[in-house]
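Protein chains in written order, with our numbering: chain A, 995 to 1285; chain B, -14 to 426.
Here it is in structure tokens:
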């Protein structure tokens, strides 16, 4: 009996061993034949990146950006919005390249059509998604360019940098958390959100309206709409403001943050952010007159 | 009784205005005629501000193949050619005309005597339908001349006439069949001549026994035209469902009815074709049902295109105090209006005034996987799945699940016990998938 068992054991061990080693040799040869040589630097670069996979760089994720960086000769045009210039400089020194200048950006909501400024005329009770509301009608207030208030941008934000203000019905962008990945810009069916330069000391001036209708029509729906009067264009000495189809637009690269356009706007459509409070104008003139 | 096989719902019929004869609504002080009243490319205006027009005069030309001419529905002076709000909820290019008298263009026969015999040949009929701006009156407003031209390599065998009117509340087609039955049949005969078909079937749902009886009697004088009595089920008025119900043929996914040898026209379109071919009258007025539970005088009105909706509501007894919603079209597929100044267009079949109780949607609750939406979908789709995929922007999967087959009948939304906005999400998905398909080619 023992002999038979031993014999069976022996045969199994030998045959399985032979099959195993044969398979191992084939696997080894295949592995050698189809070996993927990956640049070890990709892993190093990927480690430096934030790993948020937000898509803000325009690529599928952080790994894809790392591959593109290692492959590229220079870092020009490659940015990591959440990482900022610090991360890119880090990577540049690792690879011995020169990092391009990266201007910090931030998302800006170009609509002030809150429930107070643009009172709703009808009630919307469809699906709470801007994409559908946009396909259905011009909006509760009637402005075909304004914020619909269903919060597609808030859903799109992966960094918790946005929330809906229940009182105004508009989304609010938390500047400190915004990494300028651009997800909200893509999510908004009306392209209301724009990526703008963060500005010196976070100071920004922008036209908070994208309505291209004629002034009278726009004003009927919203008290703070840009009516395309062109007074800001005349006021600006730096040619930073252009007027196109009843809408003023401030070029953030030309704007010197002088704030002169803000008070001339008859509808208060131009907003200034993070500036110190203005000196009281009337007092100044009174003093001047007294002298 | 015949009907289509899969899905369908039975909403309360509420045909309140079924017994009200068609009333002619007086011409309003100004009309707003949108340049995009049809499916396809908007028409191009041929006149400008200050020009004088007569009733029936061409004011905008549909230059593309899928487009339609637009004629003035009144006589008077063009006030402006500007962006005006229409039933889409957006401002679209429109021609605003101030009414002065009612002077018609010469050559339009306004006499109501029936002209049965048509001397024109097929291509002349199609040309006339094209010139006089006839579009599908059922709601989709597809230019009719396109449907009357059978594409090369295809052959039309049956003309199916849609007298189903499966939408609750609406009674415009019903009244038209009762009052203009002779004209509709003459129109059908003209359409049969244009399509070279020998057979026409008028589909009418069983809840209109008077129309079935009336049309059947009239049909006996025409060779090849029959009436089919259909079981009441929404959405039987949809093209593919009507073909299935009337002659038991199934149109393949993504294909047109001509694939199975059918052409479907609405009774309203047949009437418009009759008026265009025999009386030279362009499509400048249509029958609109104005109805609502709280309305004093719900009725069917013959309205000039471009008349503002509030004039219709006024004629029906004024806006009730408890109004929650005004809908253009039927309650299932129609669209709530966000402005009552919007004009009646070629596709406006009804104006519904809903009271507050009927207006608002149920609160949205989670999907309980009851699969009622699957059971009622007439296209055999899975609405709950499409809605979720569309909501999550997984549009490739939406396409695989045949989202483009959805005809937006709203049956899924109607039965959902959780009040989920299924169709809203599916519509977004459809537009995104459509965009993806267009970009691919």
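Glycine included, each C-beta is placed from N, C-alpha and C at the ideal position.
If you're wondering where the values come from, they're calculated on a predicted model, not measured in any experiment.
- Here the alpha carbons of residue 1261 of chain A and residue 1211 of chain A stand approximately 14 Å from one another.
- C-alpha of residue 326 of chain B to C-alpha of residue 120 of chain B: approximately 23 Å in a straight line.
- Going by beta carbons, residue 101 of chain B and residue 171 of chain B fall inside the 7 Å limit.
- Only those residues of the region 390 to 417 of chain B whose C-beta falls short of 7 Å from the nearest C-beta of chain A are listed: 406, 409, 410, 412, 413, 416.
- Considering only A:1141, A:1200, A:1000, the residue with the shortest C-alpha distance to residue 1226 of chain A is A:1200.
- Here residue 144 of chain B is near residue 180 of chain B, since their CB atoms are less than 7 Å apart.
- Going by DSSP, residue 83 of chain B is part of the beta strand (DSSP E) stretching over 76 to 84.
- For residue 1132 of chain A, the nearest beta carbon of chain B is closer than 7 Å to its own beta carbon.
- Distance between residue 40 of chain B and residue 90 of chain B, taken at the CA atoms: about 6 Å.
- Using a CB distance cut-off of 7 Å, residue 1119 of chain A counts as an interface residue toward chain B.
- Here residue 182 of chain B has 141, 142, 143, 144 as same chain residues with Cβ atoms under 7 Å from its own Cβ, once five neighbours each way along the sequence are excluded.
- Closest option to residue 273 of chain B, judged by alpha-carbon separation, among B:139, B:400, B:361, B:313: B:313.
- Collapsing the DSSP output to three states places residue 204 of chain B in a helix.
- Sequence-ordered contacts of the region 1239 to 1254 of chain A with chain B are nonexistent [C-beta pairs closer than 7 Å].
- Distances from the alpha-carbon of residue 66 of chain B to those of B:105, B:16, B:212, B:123 put B:16 closest.
- Interface criterion not met: the Cβ of residue 419 of chain B is under 7 Å from no Cβ in chain A.
- When the alpha-carbon of residue 1191 of chain A is set against those of A:1042, A:1145, A:1100, the nearest one is in A:1100.
- Residue 294 of chain B has its alpha-carbon roughly 10 Å from the corresponding atom of residue 333 of chain B.
- One thing to note: residue 175 of chain B has its Cβ within 7 Å of the Cβ of residue 258 of chain B.
- Among the bridge pairs identified by DSSP, residue 1156 of chain A is matched with A:1167.
- Distance from the CA of residue 387 of chain B to the CA of residue 1035 of chain A, rounded to the nearest whole angstrom, comes to 44 Å.
- In the structure shown, residue -12 of chain B falls within a coil segment according to DSSP collapsed to helix, strand and coil.
- Counted as a single uninterrupted DSSP element, the alpha helix (DSSP H) harbouring residue 259 of chain B occupies residues 252 to 264.
- Against chain B, a Cβ distance below 7 Å from residue 1129 of chain A picks out 412, 413, 416.
- Using beta-carbon distances, residue 1025 of chain A does not count as an interface residue toward chain B, since no partner is under 7 Å.
- Within the region 215 to 244 of chain B, the complete alpha helix (DSSP H) segments of 4 residues or longer fall at 224 to 232, listed in chain order.
- Residue 1016 of chain A carries a helical assignment under DSSP once its states are collapsed to helix, strand and coil.
- Taken through DSSP and simplified to helix, strand or coil, residue 1041 of chain A comes out as helix.
- Taking the C-beta atoms as reference points, residue 1130 of chain A is found no nearer than 7 Å to residue 1187 of chain A.
- Within the DSSP bridge table, the entry for residue 313 of chain B names B:320, B:336 as partners.
- Contact of residue 1125 of chain A with chain B is assigned, a C-beta pair being separated by under 7 Å.
- Below the 7 Å Cβ cutoff, chain A contributes 1130, 1131, 1132 as neighbours of residue 74 of chain B, in chain order.
- Selection A:1155, A:1183, A:1115 evaluated against residue 1144 of chain A yields A:1183 as nearest (Cα-Cα).
- Its chain contains -11, 220, 363 as the residues whose beta carbon lies nearer than 7 Å to that of residue 226 of chain B, once the 5 sequence neighbours on both sides are disregarded; these appear in chain order.
- Here residue 1157 of chain A is actually not in contact with residue 1134 of chain A; their C-beta atoms are around 20 Å apart, not less than 8 Å.
- Apart from the 5 residues on each side of it in sequence, residue 1043 of chain A sits with its Cβ closer than 7 Å to the Cβ of 1056, 1059, 1060, 1074, 1077, 1081 in its chain, given in chain order.
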